[in-house]
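Written below as structure tokens is the structure these notes are about.
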Amino acid sequence: MKKLLVLAWGLLAAGPVFPKVKLPSVLGSNMVLQRECDANLWGWASPSKKVTVTTSWDGRKYATRADADGNWLLKVATPAAGGPYTIRISDGEPVVLENVMVGEVWICSGQSNMGMPVCGYPGDPTERMNELMLEAGKYPSLRLFHVRPEAASEPKDDCDGMGGWQVSSAHSVSGFTATGYIFGRKLCETLNVPVGMIQSDWGGTRIEAWMTVSAAQKVLPNILESDPAYDEQNRTARLYNAMICPLTNFTARGFLWYQGEANRGFDGYARYMQELASLWRGRWGDAEMPFYFVQLAPYTYDDAEGLSLPLTVEQQTQALDLIPFSGMASTTDAGSEHTIHPPYKIRVGERLALLALKRTYGYGALIAQSPRYESVRFEAGQAIVRFRTDGIMGPQWKGPIEGFEIAGADRVFVPAEAEYVPGALEVTVHSDRVPEPVAVRYAFRNMPRAATLVNSGDLPAYPFRTDDWNDVR
Numbered sequence: 026m027k028k029l030l031v032l033a034w035g036l037l038a039a040g041p042v043f044p045k046v047k048l049p050s051v052l053g054s055n056m057v058l059q060r061e062c063d064a065n066l067w068g069w070a071s072p073s074k075k076v077t078v079t080t081s082w083d084g085r086k087y088a089t090r091a092d093a094d095g096n097w098l099l100k101v102a103t104p105a106a107g108g109p110y111t112i113r114i115s116d117g118e119p120v121v122l123e124n125v126m127v128g129e130v131w132i133c134s135g136q137s138n139m140g141m142p143v144c145g146y147p148g149d150p151t152e153r154m155n156e157l158m159l160e161a162g163k164y165p166s167l168r169l170f171h172v173r174p175e176a177a178s179e180p181k182d183d184c185d186g187m188g189g190w191q192v193s194s195a196h197s198v199s200g201f202t203a204t205g206y207i208f209g210r211k212l213c214e215t216l217n218v219p220v221g222m223i224q225s226d227w228g229g230t231r232i233e234a235w236m237t238v239s240a241a242q243k244v245l246p247n248i249l250e251s252d253p254a255y256d257e258q259n260r261t262a263r264l265y266n267a268m269i270c271p272l273t274n275f276t277a278r279g280f281l282w283y284q285g286e287a288n289r290g291f292d293g294y295a296r297y298m299q300e301l302a303s304l305w306r307g308r309w310g311d312a313e314m315p316f317y318f319v320q321l322a323p324y325t326y327d328d329a330e331g332l333s334l335p336l337t338v339e340q341q342t343q344a345l346d347l348i349p350f351s352g353m354a355s356t357t358d359a360g361s362e363h364t365i366h367p368p369y370k371i372r373v374g375e376r377l378a379l380l381a382l383k384r385t386y387g388y389g390a391l392i393a394q395s396p397r398y399e400s401v402r403f404e405a406g407q408a409i410v411r412f413r414t415d416g417i418m419g420p421q422w423k424g425p426i427e428g429f430e431i432a433g434a435d436r437v438f439v440p441a442e443a444e445y446v447p448g449a450l451e452v453t454v455h456s457d458r459v460p461e462p463v464a465v466r467y468a469f470r471n472m473p474r475a476a477t478l479v480n481s482g483d484l485p486a487y488p489f490r491t492d493d494w495n496d497v498r
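Here the sequence shown is numbered in this note's numbering, starting from 26 and rising by one per residue.
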């Protein structure tokens with residue numbers, strides 16, 4: 026009996042014993058691997074056990090050994106886009122992954138507007154949802170992976186994949202992020218390659234939950250790891266540990282981020298975004314991974330005339346300068362006074378796709394960047410506002426623009442008239458009520474009454490102000 030106990034203890038001390046190789050949930054049949062790279066495959070086996078991997082696209086066989094804790098990882102050279110392929114992984118007893126595609130992989134994260142599914146939320150439908158679901162079967166090379174929401178106090182090495190990788194179909198897309206699905210569909214159509222979309226989000230969560238404590242402390246040194254004022258899912262690092270850590274070995278092209286409502290009004294949000302992007306890029310081992318995000322859409326919140334939303338959008342706009350290889354999809358025209366979950370996810374997904382196609386995939390002629398305030402000068406009783414944008418300012422028909430306000434030294438803003446300057450990236454703004462203007466604002470309300478400033482690609486301008494009067498409405 027004593028010998029048996031000693032033997033059992035020895036086996037436990039040697040590490041976990043697996044009857045056959047075990048894989049994380051994100052590696053499975055129907056998945057998409059990033060094309061033309063050394064993609065990671067990893068998992069667990071009995072300690073020191075030899076693990077082999079054979080890829081059908083080239084017949085090549087790879088080998089490694091599990092470490093003392095049973096962990097193993099190796100890289101496989103992926104080809105140009107294609108499939109379906111099989112991958113055989115074995116430590117003596119094989120696991121075979123089937124219907125594997127090779128193409129482009131993107132990771133979607135954030136809170137409830139990223140999570141809003143194609144079928145919508147109860148009481149909050151998405152636009153054209155039936156059409157989107159019925160068309161989903163036309164994209165069999167679009168694959169979807171959805172991480173189940175979970176919080177953890179320590180980093181995890183695996184997550185719940187809610188059924189694993191799914192082929193695009195009316196059923197599989199119905200509960201998948203509408204923004205991510207539209208983005209992936211547009212890439213499939215344009216690049217003509219398989220696309221894998223990984224969804225990892227949780228509604229109502231703060232950005233700190235998606236970061237490590239050390240990353241968050243670079244912005245707010247006194248931040249607590251376990252603040253009792255917050256629910257578990259909003260405590261620093263809890264979602265990073267459970268929903269991001271298990272994905273960091275999975276080779277991907279870039280990130281999509283749609284979050285900020287829960288951090289509305291915090292003047293350090295741009296820095297938080299910078300640290301989040303830097304952290305994730307570091308964990309994926311690629312400092313140039315694209316990080317495309319979504320402007321918070323107009324909504325009344327506690328006061329339609331309030332400034333808490335545009336002040337946060339101002340932080341998002343500043344983040345464009347702090348985060349290289351980034352871009353922001355404008356939603357100035359995609360808000361709703363009735364719901365914080367506007368239905369217009371098609372334009373959001375397509376605008377994110379435009380940014381990726383232009384900046385990541387080299388479609389240089391596309392108009393993908395919305396107009397962004399650059400400078401202002403005051404001459405002869407009017408403001409002349411200059412913008413940075415793809416294309417030129419204004420639709421072909423030109424005409425007046427709604428959404429501007431102007432103020433003099435009294436800091437009282439009044440509605441203003443505005444017009445495009447032909448042939449220039451400029452707009453003139455004036456009001457008979459303000460003969461000597463000193464400040465201009467555009468769409469700078471939680472829910473602006475109207476905002477029609479666009480570029481020649483019909484992309485709406487970001488809200489902005491030329492002043493720094495935080496207490497002036």
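Glycine included, C-beta positions come from ideal geometry on N, C-alpha and C.
Limits of the beta strand (DSSP E) - the one that residue i falls within
{"i": "Gly128", "result": "Pro119 to Gly135"}
{"i": "Tyr445", "result": "Glu442 to Tyr445"}
{"i": "Val452", "result": "Glu451 to His455"}
{"i": "Val57", "result": "Val57 to Gln59"}
Alpha-carbon to alpha-carbon, residue j and residue i
{"i": "Asp311", "j": "Val143", "result": "31 angstroms"}
{"i": "Lys163", "j": "Ser194", "result": "8 angstroms"}
{"i": "Leu264", "j": "Gly387", "result": "33 angstroms"}
{"i": "Thr261", "j": "Thr237", "result": "7 angstroms"}
{"i": "Asp185", "j": "Met56", "result": "15 angstroms"}
{"i": "Thr385", "j": "Pro315", "result": "7 angstroms"}
{"i": "Tyr206", "j": "Gly374", "result": "7 angstroms"}
{"i": "Asn259", "j": "Trp235", "result": "9 angstroms"}
{"i": "Gly95", "j": "Asp183", "result": "14 angstroms"}
{"i": "Tyr326", "j": "Tyr369", "result": "18 angstroms"}
{"i": "Arg402", "j": "Glu461", "result": "12 angstroms"}
{"i": "Val437", "j": "Ile431", "result": "8 angstroms"}
{"i": "Gln136", "j": "Pro367", "result": "14 angstroms"}
{"i": "Thr89", "j": "Cys213", "result": "34 angstroms"}
{"i": "Leu29", "j": "Met268", "result": "In this prediction, Leu29 scores a pLDDT of 42, lower than 50, which makes its location untrustworthy; the coordinate-derived value is nonetheless stated afterwards. Roughly 40 angstroms between the two C-alpha positions."}
{"i": "Ala33", "j": "Ile114", "result": "Because the pLDDT of Ala33 is 41, which lies under 50, any placement of that residue in the model is unreliable, and the number read from its coordinates should be weighed accordingly. The alpha-carbon atoms of Ala33 and Ile114 are separated by roughly 28 angstroms."}
Distance CB(residue i)-CB(residue j) smaller than 8 angstroms
{"i": "Val121", "j": "Val101", "result": "no"}
{"i": "Pro49", "j": "Pro219", "result": "no"}
{"i": "Ser71", "j": "Asn124", "result": "no"}
{"i": "Gly128", "j": "Ser166", "result": "yes"}
{"i": "Arg278", "j": "Gln59", "result": "yes"}
{"i": "Ile348", "j": "Ser225", "result": "no"}
{"i": "Ala475", "j": "His455", "result": "no"}
{"i": "Ile417", "j": "Ala443", "result": "no"}
{"i": "Val452", "j": "Val446", "result": "yes"}
{"i": "Val319", "j": "Ala354", "result": "yes"}
{"i": "Val46", "j": "Thr276", "result": "no"}
{"i": "Glu399", "j": "Arg413", "result": "yes"}
{"i": "Gly228", "j": "Gly140", "result": "yes"}
{"i": "Pro109", "j": "Met126", "result": "yes"}
{"i": "Arg498", "j": "Glu330", "result": "yes"}
{"i": "Leu334", "j": "Arg289", "result": "yes"}
{"i": "Pro253", "j": "Asn471", "result": "no"}
{"i": "Glu152", "j": "Ile365", "result": "no"}
{"i": "Ala486", "j": "Ser361", "result": "no"}
Where the alpha helix (DSSP H) containing residue i begins and where it ends
{"i": "Tyr297", "result": "Tyr294 to Trp309"}
{"i": "Leu216", "result": "Ala203 to Leu216"}
{"i": "Val238", "result": "Val238 to Gln242"}
{"i": "Val463", "result": "Run containing Val463: none; DSSP gives neither H nor E here."}
{"i": "Val42", "result": "Taken as a continuous stretch (DSSP letters only), Val42 belongs to no alpha helix (DSSP H), as it is neither H nor E."}
{"i": "Val198", "result": "Ala195 to Ser199"}
Residue i - partner residues in DSSP beta bridges
{"i": "Asp280", "result": "According to the sequence displayed, residue 280 carries Phe and not Asp. Bridge partners of Phe280: Ile132 and Phe316."}
{"i": "Pro485", "result": "Val479"}
{"i": "Arg69", "result": "In the sequence as presented, Arg is not what sits at residue 69; that position holds Trp. The partner list for Trp69 (beta bridge, DSSP) reads Lys47 and Asn96."}
{"i": "Thr89", "result": "Val76"}
{"i": "Arg113", "result": "Thr79 and Val121"}
{"i": "Ser225", "result": "Ser134"}
{"i": "Gln258", "result": "Answer is none; Gln258 lacks a bridge partner."}
{"i": "Arg490", "result": "Arg466"}
{"i": "Glu430", "result": "Pro440 and Arg466"}
{"i": "Ala64", "result": "Val101"}
{"i": "Val192", "result": "Arg168"}
{"i": "Pro425", "result": "Glu444"}
{"i": "Gly290", "result": "Bridge partners of Gly290: none, in fact."}
Any non-hydrogen atom of the ligand NAP within 7 angstroms of residue i CB
{"i": "Asp483", "result": "Of the ligands one can find in the structure shown there are none, so the ligand NAP has no counterpart to examine."}
field: beta strand (DSSP E) runs contained entirely in the stretch 136-186, provided each spans 3 or more residues
entry: 167-171
message: Runs of 3 residues minimum, wholly inside the stretch 358-420: which ones carry the beta strand (DSSP E) assignment?
response: 397-404 and 407-413
task: Can you check the stretch 319-356 for any beta strand (DSSP E) of at least 3 residues that lies completely inside it and give the ranges in chain order?
output: Inside the stretch 319-356, DSSP marks whole beta strand (DSSP E) runs of 3 or more residues at positions 351-354, from first to last along the chain.
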